[in-house]
(Lines of atoms letter the chains of each structure in order from A; the text may use other names.)
(Lines give C-alpha, C1' and ligand atoms only; values in the text may rest on other atoms or scores of the structure.)
Protein backbone atom coordinates (compact mmCIF):
# COMPACT_ATOMS: atom_id res chain seq x y z
CA UNK A 1 0.00 0.00 0.00
CA UNK A 2 0.84 2.63 -0.27
CA UNK A 3 -2.44 2.04 0.08
CA UNK A 4 -4.11 4.72 1.76
CA UNK A 5 -3.91 7.75 -0.24
CA UNK A 6 -5.79 10.31 -0.30
CA UNK A 7 -8.75 12.35 -0.97
CA UNK A 8 -11.91 12.02 0.89
CA UNK A 9 -14.07 9.86 -1.36
CA UNK A 10 -13.60 6.10 -1.29
CA UNK A 11 -9.90 6.61 -1.43
CA UNK A 12 -8.96 4.20 1.29
CA UNK A 13 -11.51 1.48 0.82
CA UNK A 14 -9.11 -0.89 -0.83
CA UNK A 15 -5.85 0.99 -0.97
CA UNK A 16 -4.93 -0.21 2.48
CA UNK A 17 -5.56 -3.85 1.74
CA UNK A 18 -2.18 -5.56 1.89
CA UNK A 19 -1.60 -9.22 2.27
CA UNK A 20 -0.04 -10.20 5.57
CA UNK A 21 1.10 -13.55 4.23
CA UNK A 22 4.01 -14.43 1.97
CA UNK A 23 3.43 -13.75 -1.71
CA UNK A 24 3.63 -16.57 -4.22
CA UNK A 25 6.83 -15.15 -5.68
CA UNK A 26 8.94 -15.03 -2.54
CA UNK A 27 7.76 -18.55 -1.65
CA UNK A 28 9.04 -19.87 -5.00
CA UNK A 29 12.03 -22.18 -4.27
CA UNK A 30 13.80 -21.15 -7.50
CA UNK A 31 13.57 -17.49 -6.52
CA UNK A 32 14.65 -18.17 -2.93
CA UNK A 33 17.64 -20.18 -4.10
CA UNK A 34 18.65 -17.39 -6.48
CA UNK A 35 18.52 -14.78 -3.71
CA UNK A 36 20.54 -16.97 -1.34
CA UNK A 37 23.24 -17.58 -3.94
CA UNK A 38 23.32 -13.91 -4.90
CA UNK A 39 23.82 -12.77 -1.30
CA UNK A 40 26.85 -15.07 -1.09
CA UNK A 41 28.39 -14.31 -4.49
CA UNK A 42 27.07 -10.82 -5.16
CA UNK A 43 25.96 -11.85 -8.66
CA UNK A 44 22.90 -13.02 -10.58
CA UNK A 45 24.11 -14.67 -13.75
CA UNK A 46 26.68 -12.36 -15.33
CA UNK A 47 25.46 -9.31 -13.40
CA UNK A 48 27.25 -8.42 -10.15
CA UNK A 49 26.35 -5.70 -7.68
CA UNK A 50 28.47 -3.11 -5.97
CA UNK A 51 26.23 -3.16 -2.91
CA UNK A 52 27.28 -6.69 -2.03
CA UNK A 53 30.81 -5.42 -1.36
CA UNK A 54 29.50 -3.15 1.39
CA UNK A 55 28.04 -3.71 4.83
CA UNK A 56 24.62 -2.33 5.72
CA UNK A 57 26.20 0.92 6.98
CA UNK A 58 27.84 1.60 3.61
CA UNK A 59 31.40 0.58 4.58
CA UNK A 60 33.31 -1.86 2.37
CA UNK A 61 34.22 -5.31 3.62
CA UNK A 62 37.60 -5.60 1.97
CA UNK A 63 38.79 -2.00 1.51
CA UNK A 64 40.02 0.81 3.83
CA UNK A 65 37.37 2.08 6.23
CA UNK A 66 37.51 5.60 4.85
CA UNK A 67 36.07 4.30 1.56
CA UNK A 68 32.30 4.39 1.57
CA UNK A 69 29.55 3.73 -0.90
CA UNK A 70 28.37 6.87 -2.79
CA UNK A 71 25.93 8.92 -0.75
CA UNK A 72 23.17 8.89 -3.37
CA UNK A 73 23.14 5.08 -3.30
CA UNK A 74 23.07 4.97 0.49
CA UNK A 75 20.24 7.53 0.52
CA UNK A 76 18.12 5.25 -1.65
CA UNK A 77 19.08 2.34 0.63
CA UNK A 78 19.63 -0.11 -2.19
CA UNK A 79 21.65 -2.82 -0.49
CA UNK A 80 22.83 -6.28 -1.44
CA UNK A 81 19.60 -7.99 -0.42
CA UNK A 82 17.32 -5.56 -2.29
CA UNK A 83 19.43 -5.76 -5.46
CA UNK A 84 19.54 -9.55 -5.27
CA UNK A 85 15.78 -9.75 -4.78
CA UNK A 86 15.13 -7.37 -7.66
CA UNK A 87 17.35 -9.09 -10.22
CA UNK A 88 16.34 -12.60 -9.12
CA UNK A 89 12.73 -11.51 -9.54
CA UNK A 90 13.41 -10.27 -13.07
CA UNK A 91 15.30 -13.45 -13.90
CA UNK A 92 12.52 -15.65 -12.53
CA UNK A 93 9.80 -13.69 -14.31
CA UNK A 94 11.68 -14.01 -17.58
CA UNK A 95 11.76 -17.79 -17.09
CA UNK A 96 8.06 -17.89 -16.22
CA UNK A 97 7.19 -15.76 -19.26
CA UNK A 98 9.00 -18.17 -21.58
CA UNK A 99 6.80 -21.05 -20.44
CA UNK A 100 3.62 -18.98 -20.67
CA UNK A 101 3.03 -18.30 -16.96
CA UNK A 102 1.60 -14.99 -15.79
CA UNK A 103 3.45 -12.62 -13.40
CA UNK A 104 3.17 -13.14 -9.66
CA UNK A 105 3.84 -10.91 -6.67
CA UNK A 106 7.09 -10.87 -4.72
CA UNK A 107 7.07 -9.62 -1.13
CA UNK A 108 3.59 -8.19 -1.65
CA UNK A 109 4.43 -6.29 -4.85
CA UNK A 110 4.16 -6.90 -8.56
CA UNK A 111 7.40 -7.21 -10.53
CA UNK A 112 8.12 -3.63 -11.63
CA UNK A 113 10.96 -2.41 -13.82
CA UNK A 114 13.12 0.19 -12.11
CA UNK A 115 13.85 3.43 -13.95
CA UNK A 116 16.81 5.37 -12.54
CA UNK A 117 16.37 3.50 -9.28
CA UNK A 118 12.64 4.32 -9.00
CA UNK A 119 10.62 1.26 -7.99
CA UNK A 120 7.23 2.15 -9.46
CA UNK A 121 7.78 4.88 -12.07
CA UNK A 122 4.16 5.22 -13.22
CA UNK A 123 2.80 5.56 -9.68
CA UNK A 124 5.49 8.13 -8.90
CA UNK A 125 4.61 10.13 -12.02
CA UNK A 126 0.86 10.06 -11.31
CA UNK A 127 1.43 10.94 -7.65
CA UNK A 128 3.50 13.92 -8.78
CA UNK A 129 0.71 14.99 -11.15
CA UNK A 130 -1.80 14.69 -8.32
CA UNK A 131 0.49 16.87 -6.22
CA UNK A 132 0.55 19.45 -9.03
CA UNK A 133 -3.26 19.39 -9.32
CA UNK A 134 -3.63 19.86 -5.57
CA UNK A 135 -1.20 22.78 -5.63
CA UNK A 136 -3.01 24.37 -8.57
CA UNK A 137 -6.38 23.91 -6.85
CA UNK A 138 -5.15 25.37 -3.58
CA UNK A 139 -3.51 28.40 -5.24
CA UNK A 140 -6.56 29.09 -7.42
CA UNK A 141 -8.75 28.89 -4.30
CA UNK A 142 -6.47 31.39 -2.54
CA UNK A 143 -6.52 33.80 -5.51
CA UNK A 144 -10.31 33.59 -5.76
CA UNK A 145 -10.84 34.40 -2.11
CA UNK A 146 -8.34 37.21 -1.66
CA UNK A 147 -8.22 38.82 -5.09
CA UNK A 148 -11.58 38.23 -6.80
CA UNK A 149 -14.26 37.99 -4.10
CA UNK A 150 -15.19 40.84 -1.76
CA UNK A 151 -13.37 40.97 1.59
CA UNK A 152 -14.45 42.15 5.02
CA UNK A 153 -13.15 45.50 6.32
CA UNK A 154 -10.48 43.60 8.28
CA UNK A 155 -9.36 41.92 5.02
CA UNK A 156 -10.84 38.60 6.11
CA UNK A 157 -12.99 36.48 3.81
CA UNK A 158 -16.75 36.10 4.05
CA UNK A 159 -16.47 32.36 3.34
CA UNK A 160 -16.68 30.56 6.68
CA UNK A 161 -14.63 27.52 5.69
CA UNK A 162 -11.56 29.29 4.30
CA UNK A 163 -9.14 28.09 6.97
CA UNK A 164 -10.40 24.52 6.84
CA UNK A 165 -9.90 24.26 3.08
CA UNK A 166 -6.42 25.76 3.37
CA UNK A 167 -5.48 23.02 5.82
CA UNK A 168 -7.08 20.43 3.54
CA UNK A 169 -4.97 21.67 0.63
CA UNK A 170 -1.74 21.46 2.62
CA UNK A 171 -2.55 17.97 3.90
CA UNK A 172 -3.45 16.82 0.38
CA UNK A 173 -0.16 18.08 -1.05
CA UNK A 174 1.74 16.48 1.81
CA UNK A 175 -0.02 13.15 1.23
CA UNK A 176 0.71 13.06 -2.49
CA UNK A 177 4.31 14.10 -1.91
CA UNK A 178 4.93 11.15 0.39
CA UNK A 179 3.01 8.91 -1.98
CA UNK A 180 5.52 9.78 -4.70
CA UNK A 181 8.44 9.22 -2.32
CA UNK A 182 7.08 5.88 -1.11
CA UNK A 183 6.51 4.54 -4.62
CA UNK A 184 9.97 5.71 -5.54
CA UNK A 185 11.58 3.68 -2.74
CA UNK A 186 9.69 1.42 -0.36
CA UNK A 187 11.50 1.37 2.99
CA UNK A 188 10.16 1.49 6.54
CA UNK A 189 10.49 5.26 6.88
CA UNK A 190 8.79 6.14 3.58
CA UNK A 191 6.06 3.57 4.26
CA UNK A 192 5.25 5.09 7.65
CA UNK A 193 5.29 8.63 6.27
CA UNK A 194 3.00 7.58 3.43
CA UNK A 195 0.55 5.83 5.76
CA UNK A 196 0.61 8.61 8.34
CA UNK A 197 0.05 11.35 5.76
CA UNK A 198 -2.87 9.49 4.22
CA UNK A 199 -4.51 8.83 7.61
CA UNK A 200 -4.10 12.48 8.59
CA UNK A 201 -5.72 13.59 5.34
CA UNK A 202 -8.62 11.16 5.68
CA UNK A 203 -9.22 12.19 9.27
CA UNK A 204 -9.22 15.89 8.51
CA UNK A 205 -11.37 15.35 5.41
CA UNK A 206 -13.98 13.70 7.64
CA UNK A 207 -13.90 16.66 10.00
CA UNK A 208 -14.30 19.05 7.07
CA UNK A 209 -17.17 17.02 5.61
CA UNK A 210 -19.05 17.17 8.93
CA UNK A 211 -18.37 20.90 9.34
CA UNK A 212 -19.65 21.76 5.88
CA UNK A 213 -22.58 19.34 5.77
CA UNK A 214 -23.95 20.43 9.14
CA UNK A 215 -22.98 24.08 8.59
CA UNK A 216 -20.94 24.25 11.77
CA UNK A 217 -19.71 27.84 12.04
CA UNK A 218 -19.45 28.49 15.76
CA UNK A 219 -15.87 28.07 16.97
CA UNK A 220 -16.87 26.25 20.17
CA UNK A 221 -18.99 23.79 18.20
CA UNK A 222 -16.13 23.21 15.77
CA UNK A 223 -13.80 22.35 18.63
CA UNK A 224 -16.35 19.92 20.07
CA UNK A 225 -16.70 18.16 16.70
CA UNK A 226 -13.05 18.08 15.74
CA UNK A 227 -11.30 17.42 19.07
CA UNK A 228 -12.37 13.75 19.45
CA UNK A 229 -11.52 12.98 15.81
CA UNK A 230 -8.15 14.75 16.01
CA UNK A 231 -7.33 12.83 19.20
CA UNK A 232 -8.31 9.53 17.60
CA UNK A 233 -6.35 10.12 14.38
CA UNK A 234 -3.28 11.32 16.30
CA UNK A 235 -3.38 8.26 18.56
CA UNK A 236 -3.73 5.97 15.55
CA UNK A 237 -0.75 7.57 13.77
CA UNK A 238 1.39 7.26 16.90
CA UNK A 239 0.35 3.62 17.22
CA UNK A 240 1.37 2.86 13.64
CA UNK A 241 4.71 4.62 13.94
CA UNK A 242 5.89 3.70 17.41
CA UNK A 243 4.11 0.52 18.41
CA UNK A 244 3.01 -1.63 15.48
CA UNK A 245 2.41 -1.00 11.79
CA UNK A 246 -0.81 -2.99 11.81
CA UNK A 247 -2.05 -3.14 8.22
CA UNK A 248 -5.36 -4.77 9.11
CA UNK A 249 -6.26 -2.22 11.78
CA UNK A 250 -5.17 0.62 9.56
CA UNK A 251 -7.39 -0.62 6.76
CA UNK A 252 -10.43 -0.80 9.06
CA UNK A 253 -9.82 2.71 10.41
CA UNK A 254 -9.49 4.18 6.93
CA UNK A 255 -12.49 2.32 5.55
CA UNK A 256 -14.69 3.65 8.35
CA UNK A 257 -13.49 7.24 7.84
CA UNK A 258 -13.87 6.99 4.05
CA UNK A 259 -17.39 5.54 4.21
CA UNK A 260 -18.44 8.18 6.76
CA UNK A 261 -17.22 10.95 4.46
CA UNK A 262 -18.82 9.41 1.40
CA UNK A 263 -22.21 9.14 3.08
CA UNK A 264 -21.94 12.64 4.53
CA UNK A 265 -21.12 14.32 1.21
CA UNK A 266 -23.61 12.24 -0.80
CA UNK A 267 -26.51 13.01 1.55
CA UNK A 268 -25.56 16.67 1.79
CA UNK A 269 -25.43 16.99 -2.00
CA UNK A 270 -28.89 15.44 -2.20
CA UNK A 271 -30.61 17.72 0.30
CA UNK A 272 -28.68 20.98 0.15
CA UNK A 273 -29.84 22.26 -3.23
CA UNK A 274 -26.31 23.52 -3.85
CA UNK A 275 -25.91 24.71 -7.47
CA UNK A 276 -22.70 22.66 -7.86
CA UNK A 277 -23.95 19.51 -6.18
CA UNK A 278 -23.51 17.60 -9.46
CA UNK A 279 -19.76 18.00 -9.03
CA UNK A 280 -19.94 16.31 -5.63
CA UNK A 281 -21.93 13.42 -7.08
CA UNK A 282 -19.51 13.13 -10.00
CA UNK A 283 -16.55 12.88 -7.66
CA UNK A 284 -18.30 10.35 -5.42
CA UNK A 285 -19.43 8.14 -8.32
CA UNK A 286 -16.15 8.56 -10.19
CA UNK A 287 -14.21 7.64 -7.08
CA UNK A 288 -16.33 4.53 -6.63
CA UNK A 289 -15.73 3.45 -10.22
CA UNK A 290 -12.02 4.14 -9.87
CA UNK A 291 -11.94 1.76 -6.92
CA UNK A 292 -12.69 -1.06 -9.34
CA UNK A 293 -9.06 -0.74 -10.41
CA UNK A 294 -8.07 -1.62 -6.86
CA UNK A 295 -10.54 -4.51 -6.66
CA UNK A 296 -9.57 -6.08 -9.98
CA UNK A 297 -5.83 -5.83 -9.46
CA UNK A 298 -3.65 -6.84 -12.39
CA UNK A 299 0.12 -7.03 -12.99
CA UNK A 300 2.03 -4.11 -14.50
CA UNK A 301 2.02 -3.80 -18.28
CA UNK A 302 5.62 -3.96 -19.51
CA UNK A 303 6.61 -3.89 -15.84
CA UNK A 304 5.52 -0.25 -15.52
CA UNK A 305 1.75 0.40 -15.22
CA UNK A 306 -0.47 -1.69 -12.96
CA UNK A 307 -4.01 -1.24 -11.64
CA UNK A 308 -2.85 0.83 -8.66
CA UNK A 309 -0.95 3.21 -10.95
CA UNK A 310 -4.08 3.66 -13.07
CA UNK A 311 -6.05 4.38 -9.90
CA UNK A 312 -3.56 7.15 -9.15
CA UNK A 313 -4.14 8.47 -12.67
CA UNK A 314 -7.93 8.43 -12.22
CA UNK A 315 -7.75 10.66 -9.15
CA UNK A 316 -6.15 13.48 -11.17
CA UNK A 317 -9.34 14.67 -12.95
CA UNK A 318 -11.42 13.95 -9.83
CA UNK A 319 -9.15 16.19 -7.73
CA UNK A 320 -9.39 18.93 -10.35
CA UNK A 321 -13.19 18.74 -10.27
CA UNK A 322 -13.24 18.70 -6.48
CA UNK A 323 -11.27 21.94 -6.24
CA UNK A 324 -13.68 23.40 -8.79
CA UNK A 325 -16.52 22.58 -6.41
CA UNK A 326 -14.63 24.16 -3.50
CA UNK A 327 -14.26 27.41 -5.45
CA UNK A 328 -17.92 27.30 -6.44
CA UNK A 329 -18.89 26.80 -2.80
CA UNK A 330 -16.80 29.81 -1.77
CA UNK A 331 -18.55 31.98 -4.35
CA UNK A 332 -21.98 30.61 -3.41
CA UNK A 333 -21.58 31.18 0.32
CA UNK A 334 -19.98 34.61 -0.15
CA UNK A 335 -22.87 35.76 -2.35
CA UNK A 336 -25.41 34.45 0.17
CA UNK A 337 -23.74 36.22 3.08
CA UNK A 338 -23.43 39.50 1.15
CA UNK A 339 -27.17 39.43 0.49
CA UNK A 340 -27.84 39.11 4.23
CA UNK A 341 -25.65 42.11 5.04
CA UNK A 342 -27.48 44.39 2.62
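Residue numbers (the UniProt record's numbering): 1 to 342.
All C-beta atoms in this analysis are idealised placements derived from N, C-alpha and C, irrespective of residue type, glycine included.
Residue i in three-state terms, based on DSSP
{"i": "residue 61", "result": "With a pLDDT of only 46 at residue 61, under 50, the local geometry of the prediction cannot be trusted, and the value read off the model is given with reservation. In this structure, residue 61 counts as coil in the three-state DSSP scheme."}
{"i": "residue 326", "result": "helix"}
{"i": "residue 115", "result": "strand"}
{"i": "residue 55", "result": "Bear in mind that a pLDDT of 49 at residue 55, under 50, signals an unreliable position, so the number given afterwards is only what the model happens to contain. Looking at residue 55 - three-state DSSP - the assignment turns out to be coil, as it is neither helix nor strand."}
{"i": "residue 340", "result": "helix"}
{"i": "residue 105", "result": "coil"}
{"i": "residue 217", "result": "coil"}
{"i": "residue 275", "result": "coil"}
{"i": "residue 67", "result": "Confidence is the limiting factor: at residue 67 the pLDDT is only 40, short of 50, which leaves the residue's position unreliable and the question unanswerable from this model."}
{"i": "residue 25", "result": "coil"}
{"i": "residue 195", "result": "helix"}
{"i": "residue 188", "result": "helix"}
{"i": "residue 6", "result": "Because the pLDDT at residue 6 is just 42, under 50, the model does not fix this residue reliably, and the point stays unresolved."}
{"i": "residue 243", "result": "coil"}
{"i": "residue 291", "result": "coil"}
{"i": "residue 311", "result": "helix"}
{"i": "residue 110", "result": "coil"}
{"i": "residue 352", "result": "Lying before the first or after the last residue shown, residue 352 is absent from the chain, which here runs from 1 to 342."}
{"i": "residue 79", "result": "coil"}
{"i": "residue 331", "result": "helix"}
{"i": "residue 376", "result": "Because the chain is modelled from 1 through 342, residue 376 falls outside the range shown and cannot be assessed."}
{"i": "residue 168", "result": "helix"}
{"i": "residue 146", "result": "helix"}
{"i": "residue 235", "result": "helix"}
{"i": "residue 86", "result": "helix"}
Of the listed residues the options, nearest to residue i (C-alpha basis)
{"i": "residue 231", "options": "204, 242, 187 and 263", "result": "204"}
{"i": "residue 336", "options": "101, 150 and 40", "result": "150"}
{"i": "residue 388", "options": "24, 308 and 80", "result": "Lying outside 1 to 342, the shown extent of the chain, residue 388 is not represented and no answer is given."}
{"i": "residue 161", "options": "215, 146 and 90", "result": "215"}
{"i": "residue 299", "options": "95, 288, 192 and 111", "result": "111"}
{"i": "residue 315", "options": "182, 224 and 131", "result": "131"}
{"i": "residue 246", "options": "106, 96, 202 and 188", "result": "188"}
{"i": "residue 321", "options": "284, 288, 292 and 90", "result": "284"}
{"i": "residue 296", "options": "308, 244 and 341", "result": "308"}
{"i": "residue 301", "options": "133, 82, 41 and 120", "result": "120"}
{"i": "residue 238", "options": "260, 192 and 206", "result": "192"}
{"i": "residue 287", "options": "259, 153 and 116", "result": "259"}
{"i": "residue 333", "options": "271, 229 and 145", "result": "145"}
{"i": "residue 104", "options": "118, 28, 250 and 153", "result": "28"}
{"i": "residue 240", "options": "223, 196, 219 and 289", "result": "196"}
{"i": "residue 118", "options": "303, 339 and 267", "result": "303"}
{"i": "residue 323", "options": "84, 133 and 234", "result": "133"}
{"i": "residue 186", "options": "42, 90 and 114", "result": "114"}
{"i": "residue 84", "options": "271, 190 and 43", "result": "43"}
{"i": "residue 173", "options": "157, 128 and 242", "result": "128"}
{"i": "residue 170", "options": "94, 233 and 142", "result": "142"}
{"i": "residue 341", "options": "40, 152, 45 and 41", "result": "152"}
{"i": "residue 266", "options": "100, 211 and 282", "result": "282"}
{"i": "residue 212", "options": "50, 38, 271 and 40", "result": "271"}
Contact belief for residue i with residue j at Cβ below 8 angstroms, rounded distance in angstroms
{"i": "residue 87", "j": "residue 148", "result": "55 angstroms between Cβ atoms; not a contact."}
{"i": "residue 126", "j": "residue 313", "result": "5 angstroms"}
{"i": "residue 264", "j": "residue 209", "result": "4 angstroms"}
{"i": "residue 26", "j": "residue 106", "result": "5 angstroms"}
{"i": "residue 253", "j": "residue 236", "result": "6 angstroms"}
{"i": "residue 293", "j": "residue 310", "result": "5 angstroms"}
{"i": "residue 280", "j": "residue 269", "result": "4 angstroms"}
{"i": "residue 175", "j": "residue 201", "result": "4 angstroms"}
{"i": "residue 206", "j": "residue 261", "result": "5 angstroms"}
{"i": "residue 122", "j": "residue 305", "result": "4 angstroms"}
{"i": "residue 31", "j": "residue 92", "result": "5 angstroms"}
Residues that DSSP places opposite residue i in a beta bridge
{"i": "residue 151", "result": "157"}
{"i": "residue 48", "result": "43"}
{"i": "residue 305", "result": "301"}
Closer than 8 angstroms: residue i CB and nearest the ligand SAM heavy atom
{"i": "residue 114", "result": "Judged by which ligands are present, the structure shown has none, so any question about the ligand SAM falls away."}
Residue i at chain D interface by Cβ criterion, 9 angstroms
{"i": "residue 82", "result": "Within the model displayed, chain D is absent; a lone protein chain is all it includes."}
- [ ] Could you tell me whether the region 266-279 touches the region 320-332, where touching means 3 or more Cβ pairs closer than 8 angstroms?
- [x] They touch, by the three-pair rule.
TODO: For the region 136-144 and the region 164-182, state whether three or more C-beta atom pairs, one from each stretch, are separated by less than 8 angstroms.
DONE: yes
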